[in-house]
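There are 2 protein chains.
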Amino acid sequence: MRSSEPRAAARSAPTIGSVAEVAGVSRATVSRAFTRPQMLRPETVEKVRDAARRLGYVPNPAAKALSTGRFGNLAMVVPDIANPYIPPMISAVEEQADAAGFAVFLGNSAEDPAREDLLLRKLTPQVDGFVLAASRMGEDVIRRHAQARPLVLVNRDIEGIPRVLIDTAGGVAQAVEHLAGLGHRRLAYLSGPPHSWANAQRRRAVKRTGDKLGLEVVTLPARLSSHDAGRQAVGALLESGATAVVAFDDLLAQGVLAGLAERGIRVPGEFSVAGCDDVLAAQTFPPLTTVSARAREAGATAVELLTSRLGSGGGAMSDVRVMLDTTLVVRATTGPRPV
Amino acid sequence: MRSSEPRAAARSAPTIGSVAEVAGVSRATVSRAFTRPQMLRPETVEKVRDAARRLGYVPNPAAKALSTGRFGNLAMVVPDIANPYIPPMISAVEEQADAAGFAVFLGNSAEDPAREDLLLRKLTPQVDGFVLAASRMGEDVIRRHAQARPLVLVNRDIEGIPRVLIDTAGGVAQAVEHLAGLGHRRLAYLSGPPHSWANAQRRRAVKRTGDKLGLEVVTLPARLSSHDAGRQAVGALLESGATAVVAFDDLLAQGVLAGLAERGIRVPGEFSVAGCDDVLAAQTFPPLTTVSARAREAGATAVELLTSRLGSGGGAMSDVRVMLDTTLVVRATTGPRPV
DNA sequence: TTGTATGCGTTATCAC
DNA sequence: GTGATAACGCATACAA
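Residue numbers (our numbering), protein chains in the order written: chain A, 1 to 339; chain B, 1001 to 1339.
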């Protein structure tokens, strides 16, 4: 079956067989020396490891996977890698997975549910589990994938599927209270992606807290999370009569800042702006009041849930739902209501 | 060898055997229906594909890899996924790889050459090739890896290894000319990571162009590419007597803008700032004059090089070195020398 | 054009 | 404690 020339990829990499030969033992013994050393005499283990080291032997994961049905790989699928709250999460997932001995596939769905579904289908046969960040797929589709492989969701709340939720409701509520405390009476919420769990959560939190404090709350659509969308929303924002805005995320908030600056409206003197996710930190001008994100922790936690479940032989746990609290970080874009 | 319970990962996924059974053909025919349809009668192909579809058959990549020595996977390794010029590149790599039928592993070296080396070693046995962005590893180490697997570098210039270089020298030279044209006589270059090819290239371009135009050029170290590093460099910047700065990248430039704003120094009225990479677009205040990046194209090109080389049976081409030109994007942070 | 037989590198089940 | 050997799922020489 082998073509005439050596295979393209691994040309004559040492196999378990060559190690066995050099060590003067059987292939089975070599295998055991790595997977179950306690079954062997210590000196045998040493002998085998020595031979392996000399040959530069590395186990072939494809063969291992074929035999065990386990791959040593995870996949992380995200809606938009360019969104700044994603990379820290990826980074945390990668670190945590690496520490647990897993390599990580990355998939970018570009906010397209169909593409996300396809990605999962293609990745399934070579991963042990998935981390899905802010999945845009339908609940039924997610459930189907969860049946094929262990799967942990981040910022998507589906009962029965392990999930890590960054609970921005608390932080957003604090933002509303903060603005109310500064005397604002009419407040706008600038929406994010419509299918986003986070957006629904934040919108609700603004509304509820605003109602409680007797504020008027208007909700403005933005459709996308982007700088431009924020800038373009400024017109509607000013027409709404609000004196302060809570934006779905920092990108939108930054766009709003730019749009206000263009119109010569001073922040926070004439208008207050709060963001969410704390991804731009103090990088805006003025430094943005925002809600802390904990994206790194969310990623790390998701992998912990996944690997612990994989370790326990895939035994389904009861419903797991981890909430990560958030708090308001007051910087310099919020101030007293203009008089 | 199978343990009593079904394997953890793929429980009874349909195999080529089940498809063969349903379609009433041999397993070899099923295999050929997917890999070499032209060898079969069209109706046979149709019959097989039909059965496969009904069963939801997905080829097992581990078995395929074991048999062919090809994996259908690429790995992309980056120094720091949080650096905003990286995600667009990853995104492009992913798209292009996906289009060519490859899945993508992502590795984050955290700027650590040893970690990068380890990552590659662990990934090697399950990928067909690598894209290394701004690798921090030693040249000999890279060459060794390149011997094990086809490998394309981005922004790292090693003879004999295919590489895609974003040639910011041109854009940076334009920036210096632009500043000279505005009357600046003393100019600073704010450095980036010391082991970075891009940093060396940009520093040289500033120096050379400055010399040519009779400007005084001072080079300031920054060690890191970060907002804070830029802000902290402002003191040294002002002491240097320069009236304009070209920063290694936009992040540094943005930090400089913040540091200047803190001191009440107006941009571009009293000081001019230019960045590089165009990752913040118009998101700074004022919108940043910078050098275009083309990170997406670089990523896509790298994958093209890689897959074309893989397609051609791994036959080594002669030296490949793709340069992507850049140009200056003038926005609002550069202006006439203060009088 | 299609079927048969074999091997890819590993783990696991038996023997010894 | 260790050695044969049969899977795992697929691709391919070879036979028909």
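Glycine is no exception: its CB is placed at the ideal position from the N, C-alpha and C atoms.
Only a predicted model underlies this, so the values are computations on that prediction, with no experimental measurement involved.
Outcome for residue i when other beta-carbon atoms lying within 10 angstroms are tallied against a minimum of 16
i	result
Glu116/A	buried
Met1039/B	exposed
Met76/A	buried
Met323/A	exposed
Ala28/A	exposed
Glu159/A	exposed
Met1/A	Note on Met1/A: pLDDT 42, under 50, position unreliable in the model; the coordinate value appears next. Label assigned to Met1/A: exposed.
Arg345/A	Outside the modelled stretch of chain A, which goes from 1 to 339, sits residue 345/A, for which no answer is possible.
Ser312/A	exposed
Straight-line Cα distance separating residue j from residue i
i	j	result
Asp249/A	Gln1283/B	15 Å
Arg1053/B	Val1045/B	12 Å
Arg1149/B	Asn1155/B	19 Å
Gly101/A	Pro1125/B	14 Å
Asn73/A	Ala65/A	10 Å
Ser1109/B	Gly264/A	43 Å
Val1025/B	Ser1067/B	21 Å
Tyr189/A	Asp98/A	39 Å
Ala114/A	Gly138/A	10 Å
Ala20/A	Pro42/A	16 Å
Ile1166/B	Gly1129/B	21 Å
Leu280/A	Gln174/A	19 Å
Ser1272/B	Thr1243/B	7 Å
Ala169/A	Val329/A	14 Å
Ala103/A	Leu1119/B	9 Å
Ser226/A	Lys1212/B	41 Å
Ile86/A	Ala302/A	14 Å
Val30/A	Ala1082/B	41 Å
Member of the options whose CA lies at the smallest distance from the CA of residue i
i	options	result
Val1339/B	Arg1231/B, Asp1112/B, Gly1269/B, Leu1119/B	Gly1269/B
Asp1319/B	Leu1252/B, Ser1026/B, Leu1151/B, Ser1109/B	Leu1151/B
Phe1285/B	Gly299/A, Val303/A, Ile265/A, Leu257/A	Leu257/A
Gly69/A	Ala1013/B, Ile1166/B, Ala1169/B, Thr1029/B	Ala1013/B
Asp1112/B	Pro1079/B, Ala1134/B, Gln1174/B, Tyr1189/B	Pro1079/B
Leu187/A	Val176/A, Trp197/A, Ala33/A	Val176/A
Glu239/A	Val218/A, Ala229/A, His227/A	Val218/A
Arg1331/B	Ser1312/B, Ala1051/B, Val1291/B, Glu1095/B	Val1291/B
Gly1299/B	Leu1153/B, Ala1242/B, His1227/B, Thr1243/B	Leu1153/B
Val22/A	Asn199/A, Arg49/A, Phe34/A	Arg49/A
Pro1059/B	Pro1087/B, Phe1034/B, Ser1135/B	Phe1034/B
Ile1090/B	Phe105/A, Ser135/A, Leu55/A	Phe105/A
His1178/B	Thr1015/B, Arg1204/B, Leu1215/B	Leu1215/B
Residue interval of the beta strand (DSSP E) (run including residue i)
i	result
Glu1216/B	1216-1220
Arg163/A	163-167
Gly107/A	103-108
Ala236/A	It is not in any beta strand (DSSP E) - Ala236/A instead sits in the alpha helix (DSSP H) that spans 234-239.
Arg321/A	321-325
Arg156/A	Premise fails: Arg156/A is in no beta strand (DSSP E) and is neither H nor E.
Ala1332/B	Counting along the chain, Ala1332/B falls outside any beta strand (DSSP E), and DSSP gives it neither H nor E.
Val1246/B	1244-1247
Ala274/A	272-274
Leu1062/B	According to the sequence displayed, residue 1062/B carries Ala and not Leu. Here Ala1062/B belongs to no beta strand (DSSP E); instead the alpha helix (DSSP H) covers 1061-1068.
Ala75/A	73-78
Gln1188/B	The question names Gln, but residue 1188/B in the sequence shown is Ala. Here the beta strand (DSSP E) through Ala1188/B covers 1186-1190.
Pair within 9 Å by beta-carbon distance, residue i and residue j
i	j	result
Arg1294/B	Thr1334/B	no
Thr1235/B	Gln1254/B	According to the sequence as given, residue 1235/B is Gly; it is not Thr. Contact: no.
Arg202/A	Val172/A	yes
Ala62/A	Ala1233/B	no
Ala133/A	Arg296/A	no
Arg337/A	His184/A	yes
Arg1231/B	Glu1262/B	yes
Ala222/A	Gly259/A	no
Extent of the continuous alpha helix (DSSP H) run through residue i
i	result
Asn199/A	197-212
Val93/A	86-99
Arg1144/B	1139-1148
Phe1130/B	It is not in any alpha helix (DSSP H) - Phe1130/B instead sits in the beta strand (DSSP E) that spans 1129-1133.
Val45/A	42-55
Arg27/A	27-35
Ser1308/B	1295-1311
Arg1115/B	1113-1123
Val267/A	Counting along the chain, Val267/A falls outside any alpha helix (DSSP H), and DSSP gives it neither H nor E.
Val1019/B	1016-1023
Heavy atom of the ligand ATP within 8 Å of residue i beta-carbon
i	result
Gln96/A	This structure lacks the ligand ATP; in fact it carries no ligand of any kind.
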